[in-house]
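> Here the sequence shown is numbered in my numbering, starting from 12 and rising by one per residue.
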Amino acid sequence: MRELQIIYQDQEEITKKLNTGNVDAIELAVEQITDEFMIYGLRSGLIDELSKTFPDLRKEEEISTKLILSASIAGHFQDMYALSQSPYALLSFRRVTEEQNSPPLLAELGLNIKVLSAGEGVSRRGTKQNAPFNGDVIRKMLNSIKPEDLINWYNKNIGKAYLRQSGYRPSFHILDCTDLEVNFDNENYEGSGIVKRKKKSSEKKKNSKEEEEIKRGYKLGSLRSLLDDGGIITGIAYGAINVHDLELCKDLLMTSPMLKAGDTILFDRAFIDGLTISRLKKKRHLDVIIPLRSDMLAYEDSLVTAYHLGNPSESSNWENHPKRAGQQIKRIEHVQWMWEGCTVGLNGCVVRYLKDGKDGTKGMQDYEHIVFVSTDLSLTGKEILERYDLRSEIEEDHRQWKEGMWDMTVFTSTSLVQVLYHVICVLLSYNLQQVYTNTEKGERFSEKTLRQKRRQQSRRHEVSMIVYSEDSFALIGAKLLIGILLRLPKEIQIRLYELFPSGVG
């Protein structure tokens with residue numbers, strides 16, 4: 012393999028070379044949507060920051076961590092999830108049989124576009140594929156890394172890097188857990204677990220029995236720090252699917268550097284635990300908003316308190332819900348009195364709405380209820396609900412990676428460290444999208460899912476050509492290039508004609 016040759020983008024130089032016919036090659040350049048996000052991540056220093064802190068234990072770094080992470084993140088923008096596929100993401104493949112170079116991205120990484128052919132690449136040994144390096148490089152790198160090292164790297168560095176780039180200091184966070192299910196019959200998934208859960212029969216019968224469903228897989232705990240639009244996954248916990256949500260995430264809650272005094276965490280009912288809520292308030296000075304379960308004494312006492320505060324038949328004692336028509340709310344205090352284990356003050360908000368066929372004349376019996384509580388005693392009932400509604404407002408966006416938009420559960424290996432690396436790369440790609448769409452240049456993507464972005468790209472792609480000459484290249488719009496070629500002297504056109512296919516079979 013010949014020595015690596017770096018080439019540079021130089022529009023003026025290439026224009027001069029075109030006018031004299033001194034051009035080495037002219038090829039179709041397909042600028043994928045990946046390029047815009049990845050070049051932003053590279054030029055901003057974000058990917059450099061991630062690479063410098065990555066727990067790479069290799070003694071000899073022939074293929075840089077920066078190049079590996081770039082390929083892995085780019086791959087998740089392009090539906091390339093296997094480690095062996097990641098290097099191809101740098102080439103922005105559009106079809107299996109028709110590879111298309113992505114010159115801006117390769118140039119940003121300092122790669123020589125001209126030598127990316129079979130048998131060549133950026134490693135000394137080269138590669139048999141049309142890719143910068145072999146996917147085995149990633150696999151071998153991961154073999155020397157412990158899964159816990161990847162989690163620690165994420166929690167100590169990832170959130171900080173992305174928030175630095177976004178310029179935000181979020182004060183609201185959402186902690187959530189997601190099951191990552193794998194093939195139940197495959198016992199080789201390292202570190203996976205089995206869980207049995209009850210589910211109601213699909214048949215709608217009065218006496219329908221509850222059936223059990225059995226799953227194998229993992230559980231991901233994600234700490235999502237909210238931006239003006241969307242949010243960044245700033246911390247993770249990872250374990251077997253049978254681990255309880257709270258148990259999985261306790262350490263993350265108590266140690267995450269992304270949570271600062273005065274912040275608020277929005278929990279779902281899986282995190283109901285008086286001791287944990289008390290510790291967060293006392294030791295970390297964090298506030299919590301969480302809905303209560305209907306089987307809790309604190310829930311029952313909240314309803315009694317809400318209805319005791321006034322005549323249950325008088326609707327004037329209740330306020331209208333700030334967002335939901337037909338619902339009413341009432342603020343209550345001292346909810347902690349009937350919550351064993353909770354040693355900090357709790358105020359709450361009771362939400363009620365009529366049951367089907369009821370008119371409210373029988374008071375509490377005619378209504379369904381939801382009770383939300385908060386350790387921030389300064390909040391009104393409306394403020395408790397408005398803040399907790401942040402969970403539902405971002406749920407569709409959050410679902411993009413939870414339910415397959417980023418194919419979180421497309422695992423191509425049963426090795427725990429490789430499974431975890433895949434999950435983390437999904438989150439790195441997702442975070443990059445979130446940060447970029449909060450910039451002025453990237454805001455046009457903010458209302459679109461990844462699949463919508465890809466469809467738009469395929470429909471509205473602008474054709475460009477890439478022109479090479481010695482140590483320079485330039486991207487030129489196809490129409491502009493045709494115009495340049497048509498104005499050239501005949502002898503120059505004949506010389507350049509050799510660079511194009513004849514079209515004759």
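Even for Gly, the Cβ is constructed at its ideal location relative to N, Cα and C.
For Lys261, I'd like the list of residues in its chain whose CB is within less than 7 Å of its CB, leaving aside the five on either flank, ordered along the chain.
Hits under 7 Å: Thr287.
> Using a Cβ-Cβ cutoff of less than 6 Å, which residues in the same chain neighbour Thr275 once the five nearest sequence positions on both sides are dropped?
Excluding positions up to five away in sequence, the list reads Phe183 and Asp298.
> Give the single residue among Asn33, Thr26, Glu72 and Thr266 whose Cα lies nearest to the Cα of Leu510.
When only C-alpha atoms are compared, the closest one is Asn33.
> What do you reckon, are the CB atoms on Ile244 and Leu438 nearer than 7 Å?
Closer than 7 Å, so yes.
> Measuring CB to CB, does Thr425 end up less than 7 Å from Asn199?
Going by C-beta atoms, Thr425 is nearer than 7 Å to Asn199.
> Are the CB atoms of Thr76 and Ser62 within a distance shorter than 7 Å?
The answer is yes: Cβ separation under 7 Å.
> Just the Cα atoms here: how many angstroms apart are Trp329 and Asp306?
In a straight line, the C-alpha of Trp329 is about 24 Å away from that of Asp306.
> Run the CB neighbour count on Ile300, radius 10 Å, all protein chains shown included, and call it buried at 16 or more, exposed below.
The residue is buried, with at least 16 neighbouring Cβ atoms inside 10 Å.
> Output the boundary residues of the alpha helix (DSSP H) element that contains Asp262.
Unbroken alpha helix (DSSP H) run through Asp262: Asp256 to Thr266.
> Check whether the segment 303-318 touches the segment 336-344, counting contact only when three or more Cβ pairs, one atom from each stretch, lie closer than 8 Å.
Yes, they touch.
> Decide if Trp350 is buried, meaning its Cβ has at least 16 other Cβ atoms within 10 Å, or exposed.
Trp350 should be labelled buried.
> From the DSSP output, in three-state form, read off Asp312 for me.
If DSSP states are grouped into helix, strand and coil, Asp312 belongs with the helices.
> What's the gap between the Cα of Asp67 and the Cα of Ile156?
Going by the C-alpha atoms only, they are around 7 Å apart.
> Would you kindly work out how many angstroms separate the C-alpha atoms of Tyr508 and Lys28, rounded to a whole number?
In a straight line, the C-alpha of Tyr508 is about 15 Å away from that of Lys28.
> Could you check whether Leu186 and Leu234 sit closer than 7 Å to each other, using their CB atoms as the reference points?
A contact, by the Cβ cut-off of 7 Å.
> Exposed or buried, what is Leu443 when buried is set at 16 or more other beta-carbons lying within 10 Å of its beta-carbon?
The residue in question, Leu443, is buried, as its Cβ has 16 or more Cβ neighbours within 10 Å.
> Please name the residue in Ile37, Tyr173, Arg69 and Asp147 whose C-alpha comes closest to that of Asp59.
The shortest C-alpha separation from Asp59 is found at Tyr173.
> In the DSSP assignment, what residue or residues form a beta bridge with Tyr229?
Tyr229 pairs with Leu191 and Ala251.
> Could you tell me which uninterrupted beta strand (DSSP E) segments, each at least 3 residues in length, are contained entirely in the segment 423-462, listed from first to last along the chain?
DSSP runs (the beta strand (DSSP E)) wholly in the segment 423-462: none.
> Helix, strand or coil for Gln140? Go by DSSP, reduced to three states.
Legend: pLDDT at Gln140 = 46, less than 50; position of this residue unreliable, value from coordinates given subsequently. Of the three classes helix, strand and coil, the one that applies to Gln140 here is coil, per DSSP.
> CB-CB under 8 Å to Ala272, same chain, minus the five flanking residues each way: which ones, in chain order?
So the qualifying residues of the chain are Arg295, His296 and Leu297.
> Is it the case that the Cβ atoms of Pro492 and Met476 are separated by a distance below 7 Å?
Here the sequence assigns Leu to residue 492, which means Pro is not the residue at that position. Yes. Within cutoff.
> Can you give, in chain order, each stretch of the beta strand (DSSP E) that sits fully within the segment 331-401 and has at least 3 residues?
Counting whole runs of 3 or more residues, the segment 331-401 contains the beta strand (DSSP E) stretches 339-343, 358-365 and 378-385.
> Can you tell me which of the three DSSP states Thr275 falls into?
It is a strand residue.
> Does the Cβ-Cβ distance between Val384 and Lys292 come in under 7 Å?
Their beta carbons are not under 7 Å apart, which means Val384 does not touch Lys292 by this criterion.
> Rounded to whole angstroms, what's the CA-CA distance from Ala36 to Glu24? Just pull it up for me.
Roughly 14 Å separates the two Cα atoms.
> If contacts are defined as beta-carbon pairs under 8 Å, then Pro302 and Ile405 qualify, I think. What distance do you get, rounded to the angstrom?
About 17 Å separates the two Cβ atoms, so there is no contact after all.
> Quick one, are the C-beta atoms of Leu427 and Glu201 less than 7 Å apart?
Their beta carbons are under 7 Å apart, which means Leu427 touches Glu201 by this criterion.
> For Thr287, would you say it is in contact with chain D, using Cβ-to-Cβ distances shorter than 7 Å as the test?
Here chain D cannot be found, since the structure has a single protein chain.
> For Tyr479, report the span of its beta strand (DSSP E) as first-last.
Counting along the chain, the beta strand (DSSP E) containing Tyr479 begins and ends at Ser475 to Ser480.
> Which residue comes first and which comes last in the alpha helix (DSSP H) that contains Ser483?
Element bounds for Ser483: not the alpha helix (DSSP H) but the beta strand (DSSP E), Ser483 to Gly488.
> Decide if Thr189 is buried, meaning its Cβ has at least 16 other Cβ atoms within 10 Å, or exposed.
With 16 or more other Cβ atoms within 10 Å, it is buried.
> From Phe282 to Gly337, what does the alpha carbon distance come to, in whole angstroms?
The alpha-carbon atoms of Phe282 and Gly337 are separated by roughly 29 Å.
> Thinking C-alpha only, which one of Lys490, Glu451, Tyr229 and Arg208 is nearest Glu222?
That would be Arg208, whose Cα lies nearest to the Cα of Glu222.
> Could you say which of Met419, Phe48 and Lys171 lies nearest to Leu64 if we only look at CA atoms?
According to the sequence as given, residue 64 is Thr; it is not Leu. Comparing Cα positions, the closest option is Lys171.
> Could you give the DSSP three-state label for Pro158: helix, strand or coil?
Helix, per DSSP.
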